[in-house]
Every structure is written in structure tokens, then in C-alpha cells.
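Going by the numbering used here, the residue at position 152 of the sequence shown is 154; the numbering climbs one at a time, nothing skipped.
Each remark here refers to the structure printed beneath this line.
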Amino acid sequence: MSTGYAPYIAHMGIACFDIERMIHFYGQVFGLKLTDRGVGISFPYKLAFMSAHPTQHHQLAFAQNRPEGAPSTIMQISFKVNDLAQLREARNRALTHGATKMRCISHGNAVSIYCMDPEDNIVEVYFDTPWYVAQPHGDPIDLDAPDEQIWADIEKVVRADPTFMPVEQWQKEVFAKI
């Protein structure tokens with residue numbers, strides 16, 4: 003048995019209707035840059051590859067092969083930011099570039115915005131908090147409130163949860179299992 007085996011998710015591919023629209027949205031909202039594009043040989047349709055990291059050829063791949071009228075099968079595409087200011091920036095950029103159904107949620111262990119991209123795929127942008135509570139957990143929050151109020155509201159709710167613990171404690175417990 004191999005002892006160093008530890009695969010991790012490196013990128014994802016999305017079937018889309020309009021590849022140019024998706025390139026524009028993800029470029030403008032998340033700063034992803036087009037790294038390659040063309041028509042595939044084994045996948046004979048338009049493909050585009052985007053990345054925001056210089057050592058990753060692509061973090062997102064788009065294939066213009068989603069059948070007309072087909073619903074999205076993506077549960078969510080998640081991006082991580084560092085803090086409330088960056089979460090607000092992501093919200094503003096997404097709304098400016100055509101996102102719909104925007105909502106902001108505290109999961110206790112993270113604060114997230116959720117919206118629909120131009121092709122009705124769910125997009126999440128989030129940052130971690132210093133706390134853990136069992137999931138699923140979700141409380142709406144007002145992202146326009148002052149930072150101090152948002153943090154106080156989240157902490158009040160999570161400390162009342164019977165599963166509450168500092169994230170470091172939760173990490174120790176989980177890593178002991180892994």
C-alpha cells in the first residue's frame with residue numbers, strides 16, 4: 003500500500019453555452035487570465051483554459067458543449083478570499099458583470115456569498131473564520147453592516163451552537179482521524 007498517496011483537486015471543467023461570455027465573467031470577476039484556447043481533438047468543440055496562478059496552466063476549463071436548454075449540473079464553483087473587504091469586492095464585481103440571486107451567509111466556520119453566473123451555475127466566494135460549528139449551518143448576514151457588527155453577530159450565533167469550538171481544536175480532531 004502506498005503511503006504518500008494524497009490526490010487533491012487542481013481544476014475543474016464547465017460545459018457552457020457561450021464560451022466568450024464565461025471567459026469575460028470569470029476574467030472580470032476573479033481575475034482569471036486566458037492561458038489557452040482552441041478546438042479539441044478528443045473533445046471536438048471550443049475549449050478555453052483560464053488561471054490566476056502562474057504555475058497552473060488552468061484552474062477552470064470551459065467547453066462550449068452544453069446542450070441547448072440544459073440545466074446546470076454544477077452544485078457550486080468556490081473561490082476563496084482573505085477577508086470581508088475582499089468578499090465585498092467579489093460581490094460588487096459579480097453583480098457588475100451579470101451575476102444574479104446574490105446572497106450572503108455565515109456558515110459559522112466561513113462567510114460566503116452565493117450567486118448565479120451568467121449561465122446559472124452557482125458560484126461561492128468565501129473566507130474562513132476562526133471557529134467551527136457542525137455543517138450544514140447557514141445564517142443570512144448583511145454584508146453592508148460594519149465589520150465589527152458582522153463579526154459580533156457571527157460569534158454570538160456560533161458560540162450558542164452546541165458543536166462550537168475554535169477551528170484549531172477541530173483541525174486537531176479531524177487530523178487525528180485522517
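All C-beta atoms in this analysis are idealised placements derived from N, C-alpha and C, irrespective of residue type, glycine included.
- Looking at the backbone, the Cα of I16 and that of G71 are separated by about 15 Å.
- A direct Cα-Cα distance of roughly 10 Å separates R23 from D119.
- A check of alpha carbon separations from W172 across F27, I143, K103, T131 identifies T131 as the nearest.
- V176 and V127 have their alpha carbons spaced roughly 24 Å apart.
- Apart from sequence neighbours up to five positions away, the residues of its chain that approach Q30 with a beta-carbon distance below 6 Å are H99, ordered along the chain.
- DSSP, reduced to helix, strand and coil, places E150 within a helical segment of the structure shown.
- Closest option to H13, judged by alpha-carbon separation, among P138, S74, L89, T57: T57.
- Annotation for F64: the continuous beta strand (DSSP E) segment containing it runs 62-65.
- For the pair L86 and I152, the CB atoms are nearer than the 8 Å cut-off.
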